[in-house]
Every structure is written in structure tokens, then in C-alpha cells.
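Asker:
Residue numbers (our numbering), protein chains in the order written: chain A, 75 to 154; chain B, 75 to 154; chain C, 7 to 237; chain D, 108 to 789.
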């Protein structure tokens, strides 16, 4: 079983990397870029195929390690 | 219009960060974690709503700036 | 004074801290390897700079699962003085022993140069007097202190801010280059509520001998010795 | 003699395949006649990397022997992983410089990062703790479209690796010139400290001793990196893409600490890091130095990816790996220390008396399979060690002198009216302006040792802690890296001599006595007679200057084929010197200190000769005119006087006149501490 975990900075937290991406894209001529934010994609390969237990395990992996609750949010998707 | 761009290391390329995440999750008791890879999620907000032109623009943004073709792959999704 | 310097795999300023405390200050100091479970009867603990576990995922994120960390948490809860320098500060926030988080420098680059900080509040490491200006080096890529407005309000209410970046003259004009990383409210170091745990981004242990440029940093360790002597 | 087996899918060796692996036709013929049989696919791979320019020095060996390598202070000369000079009380400084030019052009961050990782391993494999690093960089024109990307990536890569492993990057140099547009240079230098009687050497000593692999797992990174370093760039660069090695500084820090602990137990008889051509060059070179053979069991190699063939395992340049020879019976000491530092470790072979390099592997055996086939190894490589080392090709390639039509260019009467404006233009130009944007991205103070920081002196001065049974002594070293390739372009002999002079002068200007020198000789295609002539003349210039200025060569590196579509880079023989201060009180910065101090010019003025100067290149847009040249006897006397002035503390600061002449020298000395100066020219 595979899972993708997306860790992003909370809305109110300043994202200098996102700003740099927006400015660079616009300077390359992509005027349509209004805003950009940079986060993390963590791809996991998991033994087993019980979605429920995987769901709760992934949630606690994020709370314990993969995301810093002070400044980051997370969401995830499970793929068979 | 919104777009999510996923930039990941090519299969063959060493991913020390992914290894560190796998080892840490397993030492936290998540034995089911077989492998982990860490990549980037870039969220863009774009003016306009023409999907075709957005598609080709996003592709060239990745080739020119957002992904390093030597060691990274990219894919993206466009959300209304 | 007996000081344990924690050594995570990837700590690289552990020697700097040991040298400053043992060889320069003359205290009894040793390394506490991350796989050990006791701090060996230390009076104080230093968590040094470096790239614990390669700083993978987030600076200091993985270090907090080492065996030694439970001993450090217990020491903190018993009111023992702990100084987290640079990576040590990042580990202490990830452990939840200090509020807020350290994020990527605003200019997105590693920054190594001398800066100035002003002592904001008294504490075990900062009895040299409010308003005192110290010249200390910084060397980090993720030093931008962040916290919610509510946490910031509490930090000021409880006099927990230890240092703020400033100019040589002690002022901190908006947007001046005095702030090396864009930290909120120019914060360079904070105490916990009980004022026994201090985390700071600048490196006092690298400014503890005249031959290295200046010894302003030694004053933190001298303050600690006075604090422990008084107990 | 029968040809060892190929693995499934591997084509038979042929002249055409040999050419693809970078071997010349006559070299292919030599392989057939020496072996009196065809090589296997893996054997051809092994031979091609060991006979590459990078590993065999086949076009440079004949000239390198003219370099002076002797001196009372020399503890270890060229031939080992790094050189060493005596710094007193039984301690020595171990140092070397290495190039990572081609990988850095393809992937600047990882190319530069793995360059730093590689030179660090070359030093600590000798048993020395690395204490400081420098880097010497060359980029194309600042306004070339690729330059900003390459500059940002290289600097971030050097910082990313060096800062993490905790070795301060305390200085170096950078020069921008159009000749590097398609071929940048990244030369990395590291110095470490060891007890002279506890140095380790890359020798497979002791028949039957186990060979132990320590460090990161093996993948497909950088395969044929060694031969790529010897292939010039052109249209087909893209086809060589998979040769990028990726570095893990955290793994290297674990490896460094584990190695130093293992060395201290005395359980090893030899050790070498796996650099270019990875497992092959480390095992073959260790066998050659000890005059022994080696047998490797490739099934036991720790792997990171699936279905690795013997060819890939033997040529892989995965980073952060060491090969150790343990004294038989004491292997467990290596295993225990590796467990402490969470490192992969595996016995992969043993030392033999056959004088041959023998590798075995089981076809189809892959530990990643759910049920790997039972190991039943067959021989895949069986070659004489000396064929790969001492008997590798050695060429004295044809040379063709460049007609020196260089006329003396001096400032004529119609000199520029407004000297002030010229000075401002010069000091703001990329080749003269401040480098703080670069070194501020390096942790240049970790280790509590940096006493003169980047930008504060002509060389960096570091305090090193020398620990032995009766306590710790502090010793003070000065290090600098220099080369002005434009002077070498105009006159290879004089230009190379001037590089040695400038580097030793920088070390003397901070109050230190030069002890030894290492080099990184970056040149074009040795098969082009004019480029070969430049190399040979530069060697003579280096040799003469090193002898005159008391800086014997203790280690070095040669990087050929630095050219794009047939156009070669400026000949760039970068040198780095390690010196020692008798007393830290002798140290000098470059900035003027007190108002009212007298400014004195030491040495003969350069009679206004402008050949190869930054001003002339900016004004004329090309490199012309005979170089200012050098009188080595006068230089030696000048340095002797300068050193004595520093040691008797008669001067407050000192700054060497180099790029930009007296004008830039005085300007830099003023800016450092915010002073002015009133100068009256003789």
C-alpha cells in the first residue's frame, strides 16, 4: 500500500521560499502567477492493506514526527 | 485557478532525507513503513481559467525553474 | 560546576561548547552521547549547535527521539538549567520545552557573521543586566524564530524573551540588517515559563576567547556559574 | 587463460566497446596482448577507469616527477591519499586539493558538495581530523546566462556539505573569465591534523587480512565518473547525465567519527576512501602499494538498488564509503564501532599473495529478491594488479610552443584621465570586489579555531588543538589558495611561478612560514600539442618557484580535458600552501589599524607593466601583453623580510599587491576598518 502525505506551512506563517518562487516565475515571464507556497510531499510504502489502521497510523506519524503543529498543517491520501 | 506541482527525486538518485524519515518512523514503532521519499509540493495560484494554456505554462515553469531535470521528476494537477 | 554537553549524531559544535565551558571557564564538563540514558549527575546541560540527524525533515526534528532526550526532559522538569544553542534551540522547540519554531532564514541562505544582541530579561544565563549589548556570531540556515501572536504576547507578559537582535548601539530599527534571519520581533533567544531552559540562535561558545575576536559569549557561562553558586 | 564470465545482458568486449569506455585503439591492443585473451565486460570497465587520465595520470606522470617533493619538514610526499608536513612536537598537517569540475557543471550543488566530501575523506583516511577547508572556483562571464545558476548552486553545495559536517570553510578564491563559460572549475582543499607516528596508509598489508566495506550502500551513482572527468564537454554531455554522484554529509560525519575511533584501536593495517572509480581504485591501489593481491566477493557488497551487476558495483561512485584492511581476528572491533555510529559494515574480501585483482559474484543473486538465489560465485574479474597501476600507459605527448608575440604593454601618455572613476569601476568588478556574499554562506568559525577570518587577512589563520598523552597544545596554521590563470595563459612558466609566489606571499603576510604546497592542475586537452606544451612549461614554473620559495609539493591532482567544443579553458594550475606561525601574536590582518600609521611599499615596483592585468582585460576586452613576470630571488628575499617584520612585531598589518595593483591593495586595506589613506607614488 502507498500513501502520500502533504505538509504545508500554516496560512499565517511567512513563506519566503514561496515568495522567491513567485518572484522568479514572474521574472521568467509567467505574469499569471498570483501566489506560490512551498511545502513537503512525503511518499510512504507500507506493508499490509487495512486502510482503517493505515489511516490512524498515518495521522499519528504526522502528529508525532512528519509535521510541526506549531507552524505546519498536513493532509494525506492513501493509494492501493 | 489553482495548481499543485509535485517535484520528486528520480528513482535512482540517493535520498538521504527519505532514509532518515523511514528509519525514524520505524524507531517510533511504525514497523509497517517499508520505504519513504521526501519531495516538494508547490501550490500555485494563477490568474485566468484557460486550462490548456495553463497546462503548457506549468510544464515550462517546471522545466525552467521548479524541477532540476538532472535529478528530479515532476507531475502536476490543475484545480478550478 | 558540572556540565553535560549532549552529543547527537550530526552535532558539530559539541567541541566548541565543551572547550568554552571546560578549557576556558574551567568547569568540569563531558559529552553525553545520544545513546546514553543518564546525564551523569550534571548541574547544567548544553545542547550544542550542529545538524543533528543531518537536520533532515526539519532541523532538530529527529533528535528528540534519542534515548538521552528523556533524561534531558526530566532534568528540565526538575528545574535544571539547560542552554540550547542554534541546533540545540531547534531541538528544544521540537521537544516542546520551548514555545515557537525556527524556520528558514528569510533570505533563504546560510548566514555566518557577527551580530549584536541586547539582553532583554534576567535569568540563569543572563544576569549581566537588561540592555547589555553582546557581540556574538550566528551560523545557521534555519534561524527565523516564529510563533503565534498569542504566544508572543505570553512571551512578553512572562518576561521570557532573553535576547533580541540589535545594532551595535542596542537599538533595533525596523528592517535594519541587525536581524540576520527575519525572526519575529527580532527575537534571538527565549526562556521557558520557569526561566530554567534557554534557547538561542547566536553562538556564545564561539565568542568566548579574545583570540577568536571577542569574549562577550563567556558572560553567559559566567552568569550560569553565579546562578549555580547561589543555589 | 579463459575470459571470466560476463553477466546476463553484458556484451562481449570489443574494440568498439573499448572506445565507448574511453580507451584508445592502441590501448585496447595492449590489453589483448598483455592478457593474451579478451577481457570480460567487467574487466574492460575496470581497466578503462584505472587507465583513465584521472586515475592513471598517463599524460602528466612523466612531467610531475620534475616537481620538488623533498624537505626536512616533509613527512609524507605525493603517492598517498594526502601529503603531510611536520608542525612540531610529533604532530603533522595532512592536506591535499582535488578537482570536481565536470560533475559540478552538470549538477552544481551535488557536484560541488561531493567534491568537498571526497577531499575530506582523502584527509581523514590518513588518520587525520579535518580542521579547515578552502575552495578555488572559476566561472564564466558574470553576464553569461548559465553563470548565476552555476555560482549559486556551487556555493550552496560547498556550504551545504561543509557546514553540516562541521569543518570550517575559511577562505579560497574565485575568478570569472569567458574561457570557463562551458567548463567551470571547482577545486576543494582540506587540511587535517594527526600524530606523525599514527598516520594511516592506503596499503593492503598482511596476507589473509579481511577487507571491510564501511559506510553508505552502493547504488548506480556516478558510474564512469572517472572517465567522464577525462572526457571533454560537447553536444553529447546530456548522454552522460546519470553520472551525477549525490552526497550525504550526515553520513560522512558518522563515517568520520567512526573511522577516527577505529584508527585509535590499532586494529587496522590499511585504509583508503572510495573516491573516483570507487571500489575498483581503492582496492587496486591498496594492493599495488603493498605489492599484494586482493580477492573481492561482490555478493557481500551492501546495496541500495536492485539488480546491480559486478560492472556497476565495481565502478559505482556512491559517496561516503571506506575500504579497510583489518588485522585478522580483530574485525569485531570495526563492527562494534560501526554499530555505535549506525553504519553499514560488511566483510567483502581478503588480501592475497597472488598480486592479482580477483572479483567473484553469483549471476542473478540480488538481496532485494524475496528469495535471493543461493550464493554460488563465479570469477568475473581476474587481472594482474600492476597492469592497472604501474604498467598503466604513460605518455610523453608531443608539445608545440606558442609563438610568444606578446609585447610589453605599459601605460602610455594617453592614460585614462579620471583615475578615480577607473578605481571605482575596478573595485566593483566581479574579479576584484568583495567575496563576502560567498563566504558568509560558509560556516567559517565552527571548531573554535578560526583566528583570522575570511576577508580579514591575506590568508586564513586557524588554531589547531594537538592532543596527546600529556595534554593539549595549541598550534597556529595559515592557509591560502591562489592562481591568476591569465598570467599563465600569457606565459605558462612565469604565470605558474607567480601563482606559487602569490600563495606563499599571502601566507607570509599573515606572519606564517610556508611549510608545503598542494596543487590542482586544471588544463585543456593533452592530445593538443599546444595544451601539452602549456602543461609542461607550467610544471617547470611551479618546480622552480617551489624550490626558490621553500614550499615542496606534498600532494596534488591533475584535471585534463577542461574544454568545450574544442575550446580550452585558461591553463589554471591552482596551488594551496600551508604555513605555520611561531606565535599567534605574530598574526597580521590586511586592514589599516590606526590613524597616523605610516604605509610602506615593500619590494620593487612593477614598472607599470599591465600584461594580463584586470584593468587591461576590462579595457581591451582580451588577455594581451607580456605578463609582469617575477624575479624569484628578489621574491624570496622579500618574503624573508616580511616574515621577520611580522615575527619581530614591527608592523601592524600587511597586504600583498596582486589583482588590481597598488590601487586595489590600498583600497582594500582602507575599507577593512573604515580608514582613509594619503599615498605619494615614488
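For glycine and all other residues, C-beta sits at the position ideal for the given N, C-alpha and C.
1. Go to residue 150/B, then tell me how far its beta strand (DSSP E) extends in each direction, as first and last residue.
2. Using 8 Å as the Cβ pair cut-off and three pairs as the minimum, do the region 658-666 of chain D and the region 566-585 of chain D touch?
3. Among 541/D, 191/D, 789/D, which residue has its Cα nearest to the Cα of residue 204/D?
4. Is there contact here, the region 684-694 of chain D with the region 741-748 of chain D, by at least three beta-carbon pairs under 8 Å?
5. Please work out which residues of its chain come closer than 6 Å, Cβ to Cβ, to residue 386/D, disregarding the five sequence neighbours upstream and downstream, and give them in chain order.
6. Answer yes or no: does any C-beta atom of chain C fall closer than 8 Å to that of residue 91/B?
7. Could you tell me whether any Cβ in chain D is nearer than 8 Å to the Cβ of residue 88/B?
8. Who are the Cβ neighbours of residue 141/B in its own chain at under 6 Å, not counting the five residues just before and after it?
9. How should residue 446/D be labelled, buried or exposed, when 16 other C-beta atoms within 10 angstroms of its C-beta is the threshold for buried?
10. At least one CB of chain A closer than 8 Å to the CB of residue 125/B: is that the case?
11. List, from N- to C-terminal side, the alpha helix (DSSP H) runs of 4 residues or more that fit wholly inside the region 109-183 of chain D.
12. Starting from residue 438/D, trace the beta strand (DSSP E) in both directions and tell me its first and last residue.
13. Taking 8 Å as the CB-CB cut-off, is residue 348/D touching chain C?
14. Under 8 Å by Cβ, that's how I've got residue 465/D and residue 489/D pegged, so tell me the actual separation to the nearest angstrom.
15. By the criterion of Cβ-Cβ separation under 7 Å, what are the contact partners of residue 149/B in chain A?
16. Note down, one range per segment and in chain order, each beta strand (DSSP E) of at least 3 residues found wholly within the region 469-517 of chain D.
17. Would you please verify whether the beta carbon of residue 749/D is less than 8 Å from any beta carbon of chain B?
18. Of all the residues that make up the region 200-218 of chain D, which are near chain B by a beta-carbon distance shorter than 9 Å?
19. Taking only beta-carbon positions, decide if residue 107/B is within less than 8 Å of chain A.
20. Do you know offhand how far residue 185/D's Cα is from residue 232/D's?
21. List the residues of chain A whose Cβ lies closer than 7 Å to the Cβ of residue 110/C, in chain order.
22. Pop quiz: residue 169/D and residue 503/D are said to be a contact at Cβ under 8 Å. What is the actual Cβ separation, rounded to whole angstroms?
23. Are the CB atoms of residue 234/D and residue 370/D within a distance shorter than 8 Å?
24. Report the start-end ranges of each alpha helix (DSSP H) in the region 151-178 of chain C that is 4 residues or longer and not cut off at the edges.
25. For residue 223/C, count neighbouring C-beta atoms within 10 Å of its own C-beta (all shown protein chains included) and say buried if the count is 16 or more, exposed if not.
26. Determine the contact status of residue 355/D and residue 282/D, defining contact as a CB-CB distance below 8 Å.
27. Please return the same chain residues whose Cβ sits closer than 7 Å to the Cβ of residue 70/C, not counting the five positions on each side in sequence.
28. Taking Cβ-Cβ distances shorter than 9 Å, what residues in chain B pair up with residue 62/C?
29. Please determine, among 130/A, 139/A, 134/A, the residue with the shortest C-alpha to C-alpha distance to residue 95/B.
30. Got a sec, what are the start and stop residues for the alpha helix (DSSP H) residue 530/D sits in?
31. Can you give me the Cβ contacts of residue 154/C inside the same chain, cut-off strictly under 6 Å, excluding the 5 residues immediately before and after it?
32. Check each candidate in 23/C, 7/C, 73/C, 29/C and name the one with the smallest Cα separation from residue 580/D.
33. Given this structure, state the Cα-to-Cα distance separating residue 169/C from residue 192/C, to the nearest angstrom.
34. In or out: residue 84/C buried (at least 16 other Cβ within 10 Å) or exposed?
35. Could you tell me if residue 47/C is buried or exposed, where buried requires 16 or more neighbouring beta carbons within 10 angstroms of its beta carbon?
36. Taking 8 Å as the threshold (C-beta atoms), are residue 780/D and residue 700/D in contact?
Answerer: Looking at the atomic coordinates:
1. Translated into the one-based positions of the second chain, residue 150/B becomes position 76. Where residue 150/B is concerned, the enclosing beta strand (DSSP E) stretches over 146-153.
2. In this structure the region 658-666 of chain D does not touch the region 566-585 of chain D; the number of beta carbon pairs closer than 8 Å is below three.
3. Here residue 204/D refers to the residue found at position 97 when the fourth chain is read from its first residue. Minimum Cα distance to residue 204/D is reached at 191/D.
4. no
5. By 1-based counting over the fourth chain, the position of residue 386/D is 279. Only 421 meet the Cβ criterion.
6. For the purposes of this step, residue 91/B is identified with residue 17 of the second chain, where counting begins at 1. Yes, residue 91/B lies at the interface with chain C (some Cβ there is under 8 Å from its Cβ).
7. What you label residue 88/B is simply residue 14 of the second chain in a count that begins at 1. Chain D contact via Cβ: present.
8. Mapped onto the second chain, residue 141/B falls at position 67. Here the set comprises 81, 148.
9. Within the fourth chain, numbered from 1, the residue matching residue 446/D stands at position 339. Result: exposed.
10. Position 51 of the second chain, counted from the first residue, corresponds to residue 125/B. Taking Cβ atoms only, chain A never reaches closer than 8 Å to residue 125/B, which makes this a no.
11. 122-127, 132-142, 148-157, 160-163, 168-171
12. Counting from one through the fourth chain, the residue named residue 438/D turns up at place 331. First-last for residue 438/D: 438-447, but that is the alpha helix (DSSP H), not the beta strand (DSSP E).
13. Here the question's residue 348/D lines up with position 241 in the fourth chain. Only weak support exists for where residue 348/D lies, its pLDDT of 42 falling under 50; the coordinates are left without a value.
14. Position 358 of the fourth chain, counting from 1, holds the residue named residue 465/D. Position 382 of the fourth chain, counting from 1, holds the residue named residue 489/D. With 8 Å as the limit, residue 465/D and residue 489/D qualify as a contact, their Cβ atoms being about 5 Å apart.
15. The residue you call residue 149/B lines up with position 75 of the second chain. Chain A residues near residue 149/B: none, gap ~10 Å exceeds 7 Å.
16. As summarised for the region 469-517 of chain D, the continuous beta strand (DSSP E) elements at least 3 residues long and confined to that stretch are 485-491, given in chain order.
17. The sequence position of residue 749/D within the fourth chain is 642, counting from 1. It does not; no Cβ of chain B falls within 8 Å.
18. 213, 214, 216, 217
19. Locating residue 107/B in the second chain gives position 33, counting from the first residue. Judged by the 8 Å Cβ criterion, residue 107/B is in contact with chain A.
20. Here residue 185/D refers to the residue found at position 78 when the fourth chain is read from its first residue. Here residue 232/D refers to the residue found at position 125 when the fourth chain is read from its first residue. Going by the C-alpha atoms only, they are around 15 Å apart.
21. By one-based count along the third chain, residue 110/C stands at place 104. Those within 7 Å of residue 110/C in chain A are 90, 91.
22. On the fourth chain, position 62 is the one that residue 169/D refers to. On the fourth chain, position 396 is the one that residue 503/D refers to. The pair is a contact, with the Cβ atoms about 5 Å apart (cut-off 8 Å).
23. The residue you call residue 370/D lines up with position 263 of the fourth chain. The residue you call residue 234/D lines up with position 127 of the fourth chain. The answer is yes: Cβ separation under 8 Å.
24. Listed in chain order, the complete alpha helix (DSSP H) runs (minimum 4 residues) inside the region 151-178 of chain C are 155-163.
25. Stepping through the third chain from its first residue, residue 223/C is reached at position 217. Buried: at least 16 other Cβ atoms inside 10 Å.
26. Along the fourth chain, read from residue 1 onward, the residue named residue 355/D stands at position 248. Along the fourth chain, read from residue 1 onward, the residue named residue 282/D stands at position 175. For residue 355/D and residue 282/D, no; Cβs fall outside 8 Å.
27. Position 64 of the third chain, counted from the start, is the residue given in the question as residue 70/C. Once the five neighbours on either side are set aside, the close Cβ partners of residue 70/C are 97, 100, 101.
28. As a working mapping, residue 62/C is identified with position 56 in the third chain. Within 9 Å Cβ-Cβ: 90, 91, 92, 93, 94, 95, 98, 112.
29. Working through the second chain from its first residue, we reach residue 95/B at position 21. Nearest C-alpha to residue 95/B: 139/A.
30. One-based indexing of the fourth chain puts residue 530/D at position 423. First-last of the alpha helix (DSSP H) with residue 530/D: 526-534.
31. Taking the third chain and counting its residues from 1, one reaches residue 154/C at position 148. So no residue of the chain qualifies.
32. Position 473 of the fourth chain, counted from the start, is the residue given in the question as residue 580/D. Checked all of 23/C, 7/C, 73/C, 29/C; the closest Cα to residue 580/D is 29/C.
33. One-based indexing of the third chain puts residue 169/C at position 163. One-based indexing of the third chain puts residue 192/C at position 186. Cα-Cα distance, rounded: 9 Å.
34. By 1-based counting over the third chain, the position of residue 84/C is 78. Burial call: exposed.
35. For this step, residue 47/C is matched to residue 41 along the third chain. Classification of residue 47/C: exposed, given that the 10 Å Cβ count is below 16.
36. The residue given as residue 700/D occupies position 593 in the fourth chain. The residue given as residue 780/D occupies position 673 in the fourth chain. It is a contact, given that the beta carbons lie within the stated cut-off.
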